[in-house]
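Working notes, beginning with the structure itself.
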Amino acid sequence: VARNDEVGIRLTQATLRVLKQFVDEPRKERSGAEIIRETRMFSGTLYPMLRRLERAGWLTASWETVDPKEAGRPRQRFYRITALGQRLTCEALNEIGVPSGQTAAGGFAWNS
Amino acid sequence: MEFVATVVGLALAWVIGTLITEQTKVSTPIVASWIARRAARRLPQDLRVELEEEWLAVLENTPGPLLKLKTAVGFYCAIGRLLADQLRDQPRENPPQRTSSFVCRVPDFAGGESYDEFPQTRDGETEFQKLRNLVAHTSYAIPERTIVELFRLIEKQHKSFNDKDPDAN
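The following block contains the structure:
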């Protein structure tokens, strides 16, 4: 699948695989390690993709609220899908006939 | 005797194998972190700070030494794409359309580049243009003061050239 949408994201199968994980559970925040585990994607492919999706406003990211010095480990960065990302992903998934996170009432799980 | 030698050999092999495995388990995460740090340091400052911490956290949460290593190598592979994306997103200064004027790429002293236009002379590229072009493309290695002096001489030469040939422009 390759499609150029209104915000210039090229939706490849790999991108849709990542986005589908987010759309299936739109409220869940995922770290990079979780996304790698869930999608079995190579980190070299995933990270440029995450940056692009974040810049295009499909995903939003926030840092874990811990002090790395106190915790003794680096902070994780959590990604979450935005309303725009969810809408456009659902549209793209519907276009190729993949059931997405859209609710039966026609609204998005994001808003429910 | 042969049996004893075989048993001792197997025991030795087991001990060495265990030592290597243990050593690999200990050192692989260190190597993986080192690779991730090296990868992040090849990125521009704004990306570097963010991604170094994030990538180290990803490695921390990745199970198994081999998977850690694979993930770290992936980070290294991501550099090219990340840099290309960042370059594409940066606003670019478009070079002016080539008209009858001579257009020359000139580095500025802040490390960027700008485009200068020079009048086109009757016989195409003049010595002035050639020299200025040469300086423009090699100036990174020449001290700023020398370039200023050189440009002053070139301007002088250009002026005298135009004075001799008023129809040049």
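So the protein lines, in turn, are chains A and B.
All residue numbers for the first sequence refer to our numbering, where the first residue is 2 and numbers rise by one.
All residue numbers for the second sequence refer to our numbering, where the first residue is 73 and numbers rise by one.
Every residue, glycine too, gets a C-beta built ideally from N, C-alpha and C.
From a predicted model like this one, the values you see are computed outputs, not experimental measurements.
Pair within 8 angstroms by beta-carbon distance, residue i and residue j
i: residue 65 of chain A; j: residue 43 of chain A; result: no
i: residue 145 of chain B; j: residue 107 of chain B; result: yes
i: residue 40 of chain A; j: residue 24 of chain A; result: no
i: residue 135 of chain B; j: residue 100 of chain B; result: no
i: residue 45 of chain A; j: residue 75 of chain B; result: no
i: residue 16 of chain A; j: residue 50 of chain A; result: yes
i: residue 104 of chain B; j: residue 131 of chain B; result: yes
i: residue 88 of chain A; j: residue 129 of chain B; result: no
Reference residue i; option with closest CA among the options
i: residue 1 of chain A; options: A:100, A:34 and A:92; result: Residue 1 of chain A is absent from the model: chain A starts at 2 and stops at 113.
i: residue 112 of chain B; options: B:104, B:102, B:123 and B:146; result: B:123
i: residue 153 of chain B; options: B:115, B:135, B:90 and B:105; result: B:115
Backbone CA spacing between residue i and residue j [nearest angstrom]
i: residue 127 of chain B; j: residue 26 of chain A; result: 24 angstroms
i: residue 158 of chain B; j: residue 72 of chain A; result: 32 angstroms
i: residue 191 of chain B; j: residue 82 of chain A; result: Low per-residue confidence applies at residue 191 of chain B: pLDDT is 49, beneath 50, and the placement is therefore not dependable enough to give any value.
i: residue 37 of chain A; j: residue 47 of chain A; result: 8 angstroms
i: residue 77 of chain B; j: residue 22 of chain A; result: 57 angstroms
i: residue 96 of chain B; j: residue 13 of chain A; result: 37 angstroms
i: residue 58 of chain A; j: residue 85 of chain A; result: 7 angstroms
i: residue 161 of chain B; j: residue 224 of chain B; result: 37 angstroms
i: residue 193 of chain B; j: residue 117 of chain B; result: Confidence is the limiting factor: at residue 193 of chain B the pLDDT is only 48, short of 50, which leaves the residue's position unreliable and the question unanswerable from this model.
i: residue 156 of chain B; j: residue 91 of chain B; result: 43 angstroms
i: residue 150 of chain B; j: residue 143 of chain B; result: 10 angstroms
i: residue 69 of chain A; j: residue 56 of chain A; result: 26 angstroms
i: residue 52 of chain A; j: residue 80 of chain B; result: 56 angstroms
i: residue 125 of chain B; j: residue 98 of chain B; result: 21 angstroms
i: residue 100 of chain A; j: residue 63 of chain A; result: 28 angstroms
i: residue 110 of chain B; j: residue 120 of chain B; result: 10 angstroms
i: residue 245 of chain B; j: residue 84 of chain B; result: Residue 245 of chain B lies beyond the residue range present for chain B, which begins at 73 and ends at 241; the question has no answer from this structure.
Burial state of residue i, where buried means 16 or more other Cβ atoms lie within 10 Å
i: residue 10 of chain A; result: buried
i: residue 60 of chain A; result: buried
i: residue 93 of chain A; result: buried
i: residue 31 of chain A; result: buried
i: residue 97 of chain A; result: exposed
i: residue 140 of chain B; result: buried
i: residue 54 of chain A; result: buried
i: residue 28 of chain A; result: exposed
Residues sharing a beta bridge with residue i, DSSP
i: residue 83 of chain B; result: Residue 83 of chain B pairs with nothing; no bridge assigned.
i: residue 60 of chain A; result: A:82
i: residue 32 of chain A; result: A:79
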